[in-house]
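Novice: The structure's right below; bear with me while I get my questions together.
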Amino acid sequence: MLISLQWIRDFVDLPTDLDPRDLAERVTVTTAEVEEVTPVHINAQGLIAAKILSATDIPEKRNLKLVELEVGDGKTVRTATAAPVLHVGSNVVFAPVGASVTATGAIKAATVAGAPSEGMILPGEAVGIPLAMQEAIFLGDEFQPGQVLPAEMFEDWIIEIDNKSITHRPDLWGHYGMAREIAAIYDVPLSAYPITPKAELCDSNLPEVAISIADAHACRRFTALRLEGVPTIPAPLWMQLRIGRIGMRPISGLVDLTNYIMADLGQPMHAFDADQVPDIDVKWAKDGETLQTLDGMERELTKESLVVQSQGKSLSLAGVMGGLNTEVVDTTDSLLLESANWDPITIRRTAHRLSLRTDAAARFEKSLDPSNTTLSIQRFHLLAKAMYPEMKLTSRLSDNYPSRPDPVIVKVNPPHVKRTLGRACDLTEAVSILSPLGFSVEEIDGSWHVSVPSFRATGDVSIEADVIEEIVRRVGFDAVKPSMPRVSMRDIKMNPIHELEMRSLEFFCLAERFHEVNSYIWYAQDWLKQLGMEAGDCIELRNPAAEGLHQLRRLMMPNMLAAVQRNRFYFSSFNLMDLGSVFELHSKGDQEHRHLALVSARRGKKEESVCLSHIKRAISQWAWLRFGQQVTYTPAAVLAECPWENPHHTATISLGDTIVGRVSVIEPGTRRAMDEHLSAWSIACAEIRLSNLTSLTATVEKLGTIPDHPQIDMDFSILVPASSRYHEIAGQVADFDHDLLKQIRFVDSYEGKSVGEGNRSLTFRTVIGSQQRTLSEEDANGFQDAFEAYVTKLGFALRK
Amino acid sequence: MTLDELSKQLTKIELQVATGLRELDQIDAVRSFESSVLGKQGSIGLLLKNIRDYPPEERGQVGQVINSAKAKAKAIIDARLNEIQREAVEKESQGASDVDPTLPGGVEPLGSLHPVTMVQLEIERIFERFGFTVETGPEMESEFHNFDALNIPADHPARDMQDTFWLNNGQVLRTHTSPVQHRAMKKFGAPLRIIAPGRCFRYETLDASHENTFHQVEGLVIDREISIPNLIAMSKALLQEVMQREVKLRVRPGFFPFVEPGLEIDMNCQICGGSGCATCKHSGWVEILPAGMVHPEVLRAGGIDPDQYSGFAFGLGLTRLAMMKYGIRDIRVLNNGDLRPIVCSQRLGGPILVNKAS
Ligand SMILES: [Zn+2]
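Structure follows, in structure tokens:
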């Protein structure tokens, strides 16, 4: 929101030499964030009012017109202008030859389209009204042609407040509320809000406007006043300039005035053509009913749309936007002024449903002070009297106020103030802080009873902590002496999944050289299609970031493969890991699980076993270090949702009896589908569900023993068909037993000429020993014979 | 043999030892030479054996003369042995080829953690030092946890501030890590000191500084007498630790429904030092830590009595911190999987001779 410093000075007597940047900083640290402070330095010299006598098109210059103007003392000048609209007989802001503003420099006599041009009708943007752009600024009768326009009217500073920082402060959506804060900051008095006294508007001889309210919750208060003698004239220059500088476009006296009050007090108002509104009926609309709003759109209403009606006809969308039919137009001379207070949630829902985020709706949904309805009409009257000398009331101030709130009094426990502030704050200090903000404080039985002013009482300040906040921010955070908390010690266990995740990432990074990447938690349909993957039933986003990004991932691997494809341009081999959440629609327990995905990729078709073996080694080492358990890999069929798995090289990963994940080689078709170049690559991948592992307790191997008698290592290589599977053979070997046997472990697997085509040699290391004696050569031979016999019985041969 | 003759004999032996050793360059040869002189049957050894041939009154002197000669010979032999060993070591250390001691070591690449993970680990270590427990929560949250439990009821304008990803099961992707506040309060009760790092989601249009997926870390301290001065002290300690230097803070009011009072903690811009630059929008300050005293309703919803306990909470943008620390200008590189912008170059291969990347 934009705040004009000139405007603020109407209410607060600030030092003339005040540095607006200092003000901005002080507002930022005590009230609301100032985003920017910008000077409006028009440096107007010699600007005058000039009356348009005639305007004619210049034939060869389509957007230029030739204008004759009266510039006082009966003198006339001619000039060319690009202003799109010109009213003959109206006064405009004019810069005669020799006058200047910052944007144009000194105006010189010139020749435009063959005609002399003496001076310039200043466009709105040159006098500090950005939205008026090329438009001329029209003046009422406040200035006579030739009269010099006061230079100081054009000078200002604009302070931009971050809207987010005042969403909870409806009072700060107007200059008067902001002025109150600034007065408190500078410790100077705040002027009373300038209004026409209520009594003047309550002439009992005048009729009352009949106002009926169907839902007192939705419409808390409705105040109205009829006026006549309000012809269409421009607003005073000062008013146009002020609303122009804070980002509005001057339109007409009446519109500008209601906009001015909205920016002044924060209260939106609406003016109806009085002739069409004999009475007021606030009601819920009927389903299917339509209303053409001021923006010309035909809006479909529902029974949840609150409308203002008269004689059964909907006139406006309450608190959001007026209707086109009852719009005040040039010929309107009498009007009905509405100033109401609406339930914020009703306004919010309507504005959302119709995507109609008007300034009025934005303010009403913050829950405005109901006192503002009468206040704004009184303010309107005061300002309008000066604009419309002929103005007359045709009704008395009519007010239907069905939901008058109880005064808000908050009880504050002084020790709680001390607890938050870190130091004591006595009643005197509290009063000196709170009263400039409109609060009053009374001490009763040791606690403070704080009366909240109506403009802070619509939800903003309702509990003790809210009052404490007022005290703290006014004391100033820079006045607080930082001190470390005094805390109690507790025994809280480490979070098991987090611990597992972080240590796992560190392990795979440091010990196995994986690079961690992050990816989005949703699938990209294009990519799934490329992979030939059917995602199956997924939890879906109702509002995805883009089309085709609606499914939450059930597996990490698809997005991981996208990262593989991306990196293949730049690296000839790499290992990637990604840890994140996956989501299951059909799940008995948690729908969200934590997965770790690993990929090992190398350029070259023959690297598959290298990649696979790297991933498996990494997983085995990790499992051993983390859980003290060995991993087993069991051949598995390809899953429908994992079309990238090579059916010959896919296995489940088990820890003990629990399957924790899958490991596989990416099959050639998928590689080619991912990217033509990847058809000459080898890629292995694994995905592990970490969430299932937190309940596993690490088994601890007993250490510290040295055998009493030396043990002997004996390696045996068993020749097996290459088509056989390790996990079966290992199972059989593990069943071998012997008195002297201490341990059998796998050493390696070998395929090559020396073992013959179609064969594989698996080497196991046996350890034998005895608790009672040192083994003899006969013992060793006996063991060897027994093992060989066992292997032979299995149908295999030992490699000699 | 008279004493005089004995002396001459010994001098002769000494001379023989000195000359004899000169021709020997193998340790074994020196050892056998040694025993030919000092051994029981050696030239000096035999003289010592004959000591009984002298009259008892001379034996003392004879023994002295022989022993001194023996010691001298031993010293010469040991010196020669040392010399040979030194030569051998020298020869071995030269090795077969000419080794360049200035060559760099192995050039195998290292693995790496994601920049956000690195910063997260750093933050976790700092907080563990202060006795905080690390807690986590789900990325898919109920509306209750993401909003209601944090004093953001339905239709509250604050729900507008966070553009939410809604799911077809009625849940949301959490818009902040704050739901973990509530979960931790329910799980552990008061007093409490936790941080909760994690991924969050907001419906935003992607550009160089906006992502719909980013990381935050939530901090929460609840105890008997927790104050705003405590929050400020803790924030300062945290930021100084992260930045590894003295930082200035600016604390100002901020509005978040789950804290009251709400604060915004700004840090003096680390790029320009506070004089104003594009990063800080020429203000000299960077918004870094939204914070505040836990709202009594949030404490109550977590089962904690606000009369007994007070607390502070803050949120720190891990993604932003990682970008600041590693000078990452485009936030989108963090989620797209390309290793080049997220891996320190020394992790990718051998030593770097020229590095013009910036
Ligand atoms: Zn800066």
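Heads up: the protein sequence lines correspond to chains A and B, in order. Everything in the first sequence is counted per our numbering, starting at 1 for the first residue and increasing by one. Everything in the second sequence is counted per our numbering, starting at 1001 for the first residue and increasing by one. We treat Cβ as the ideally placed atom computed from N, Cα and C, and that holds for glycine.
Kindly indicate which three-state DSSP category ALA275 of chain A falls into: helix, strand or coil?
Specialist: The sequence given here places Asp at residue 275 of chain A; Ala does not occur at that position. ASP275 of chain A falls in the helix class under three-state DSSP.
Novice: Could you spell out where the alpha helix (DSSP H) holding ALA1029 of chain B opens and where it closes?
Specialist: Run containing ALA1029 of chain B: 1027-1038, per the alpha helix (DSSP H) assignment.
Novice: For GLY1189 of chain B and LEU1316 of chain B, I'd like the C-alpha separation in whole angstroms.
Specialist: For GLY1189 of chain B and LEU1316 of chain B, the distance between alpha carbons rounds to 23 Å.
Novice: Would the beta-carbon of SER717 of chain A fall within 8 Å of that of THR766 of chain A?
Specialist: No, they are not a contact pair.
Novice: If you run the structure through DSSP and keep just helix, strand and coil, what is PRO1253 of chain B?
Specialist: Reduced to three states, the DSSP call for PRO1253 of chain B is strand.
Novice: Can you pull the DSSP bridge partners for GLN267 of chain A?
Specialist: Paired residues: none, contrary to the question.
Novice: Would you say PRO150 of chain A and ASN91 of chain A are within 8 Å of each other, going by their C-beta atoms?
Specialist: No, the Cβ-Cβ distance between PRO150 of chain A and ASN91 of chain A is not below 8 Å.
Novice: May I have a chain-ordered list of the beta strand (DSSP E) segments no shorter than 3 residues that lie completely inside the region 1196-1231 of chain B?
Specialist: For the region 1196-1231 of chain B, whole beta strand (DSSP E) runs of length 3 or above, ordered along the chain, are 1213-1223.
Novice: Can ILE1401 of chain B and VAL1217 of chain B be called in contact, C-beta distance under 8 Å?
Specialist: Only positions 1001 to 1358 of chain B appear in the structure, and residue 1401 of chain B is not among them; the question remains open.
Novice: Roughly how far, in whole angstroms, is the beta-carbon of PHE380 of chain A from the beta-carbon of LEU337 of chain A, given that I think they are within contact range, below 8 Å?
Specialist: With a Cβ gap of about 6 Å, PHE380 of chain A and LEU337 of chain A count as contacting.
Novice: Determine whether the beta carbon atoms of LEU1167 of chain B and MET1185 of chain B lie at a separation below 8 Å.
Specialist: Not a contact, by the Cβ cut-off of 8 Å.
Novice: Please confirm if MET502 of chain A has its CB atom under 8 Å from at least one CB of chain B.
Specialist: It does; some Cβ of chain B falls within 8 Å.
Novice: Would you kindly report the start and end of the unbroken beta strand (DSSP E) that includes GLU36 of chain A?
Specialist: First-last of the beta strand (DSSP E) with GLU36 of chain A: 34-40.
Novice: Starting from GLY1311 of chain B, trace the beta strand (DSSP E) in both directions and tell me its first and last residue.
Specialist: That run of the beta strand (DSSP E) goes 1310-1317.
Novice: Can you confirm whether HIS1210 of chain B, when its beta carbon is compared against all beta carbons of chain A, has any partner nearer than 8 Å?
Specialist: For HIS1210 of chain B, the answer is no, since every Cβ of chain A falls outside 8 Å of its Cβ.
Novice: Whose Cβ in chain B lies nearer than 9 Å to the Cβ of THR31 of chain A?
Specialist: Going along chain B in sequence order, the residues near THR31 of chain A (Cβ under 9 Å) are ARG1252, PRO1253.
Novice: From ASP369 of chain A to PHE1314 of chain B, what distance separates their C-alpha atoms?
Specialist: One C-alpha to the other measures close to 31 Å.
Novice: Label ARG1086 of chain B either buried or exposed according to how many other C-beta atoms from any shown protein chain fall within 10 Å of its C-beta, with 16 as the threshold for buried.
Specialist: Looking at its Cβ environment, which holds fewer than 16 other Cβ atoms inside 10 Å, ARG1086 of chain B is exposed.
Novice: Check each residue of the region 1161-1188 of chain B: if its Cβ is closer than 7 Å to any Cβ of chain A, include it; give the result in chain order.
Specialist: Per Cβ criterion, the list reads MET1161, PHE1165, TRP1166, LEU1167, ASN1168, ASN1169, PHE1188.
Novice: Does the region 220-228 of chain A touch the region 104-117 of chain A, meaning 3 or more C-beta pairs lie closer than 8 Å?
Specialist: Touching, no.
Novice: Does the region 245-260 of chain A come close enough to the region 396-411 of chain A that 3 or more CB-CB pairs lie under 8 Å?
Specialist: Touching, no, given that fewer than three Cβ pairs across the two stretches are closer than 8 Å.
Novice: Check whether the Cβ of GLY1327 of chain B lies closer than 7 Å to any heavy atom of ligand 1, and answer yes or no.
Specialist: No.
Novice: My output table needs one value for GLU751 of chain A: the three-state DSSP class, helix, strand or coil.
Specialist: GLU751 of chain A: coil per DSSP, three-state reduction.
Novice: Taking a Cβ distance cut-off of 7 Å, strictly less, list which residues of the region 450-476 of chain A are near chain B, in chain order.
Specialist: Listed by position, the residues of the region 450-476 of chain A near chain B (Cβ gap below 7 Å) are ILE463, ALA465, ASP466, ILE468, GLU469, VAL472, ARG473.
Novice: Just the C-alpha distance for THR1205 of chain B and GLU1211 of chain B, rounded to the nearest angstrom, thanks.
Specialist: Those two C-alpha atoms are separated by around 7 Å.
Novice: With a cut-off of 8 Å on the beta carbons, I'd call LYS1248 of chain B and ASN1268 of chain B a contact; round off their distance for me.
Specialist: 4 Å between Cβ atoms; contact.
Novice: Please list the segments of the beta strand (DSSP E) lying wholly inside the region 1232-1290 of chain B, counting only runs of 3 or more residues, in order along the chain.
Specialist: Correct list: 1249-1253, 1259-1268.
Novice: What are the residues of the region 1124-1137 of chain B that lie near chain A, defined by any Cβ-Cβ distance shorter than 8 Å?
Specialist: Residues passing the 8 Å Cβ filter: GLU1124, GLY1131, THR1133, VAL1134, GLU1135, THR1136.
Novice: Who are SER613 of chain A's beta bridge partners in DSSP?
Specialist: Its beta-bridge partners do not exist; DSSP assigns none.
Novice: Following the continuous beta strand (DSSP E) through ALA115 of chain A, name the residue where it begins and the one where it ends.
Specialist: Where ALA115 of chain A is concerned, the enclosing beta strand (DSSP E) stretches over 115-117.
Novice: I'd like the list of long-range same chain contacts for ARG348 of chain A, defined as Cβ closer than 6 Å, with 5 residues on each side in sequence excluded.
Specialist: Within the same chain, ARG348 of chain A has close Cβ partners GLU365.
Novice: Just checking my contact of ARG594 of chain A with SER691 of chain A at CB under 8 Å: how many whole Å lie between their CB atoms?
Specialist: Right, their Cβ atoms sit about 5 Å apart.
Novice: Along the chain, where does the beta strand (DSSP E) containing ILE158 of chain A start, and where does it finish?
Specialist: Start and end: 156-161.
Novice: Which term fits SER572 of chain A, buried or exposed, when burial requires 16 or more other beta carbons within 10 angstroms of its beta carbon?
Specialist: Exposed.
Novice: Which one of A:SER682, A:ALA562, A:ALA673 has the shortest CA to CA distance from TYR523 of chain A?
Specialist: Selected option, being the one with the closest Cα: A:ALA562.
Novice: Which ranges would you report for the alpha helix (DSSP H) in the region 286-365 of chain A if only whole runs of at least 4 residues count?
Specialist: List check, alpha helix (DSSP H) in window: 344-353, 359-364.
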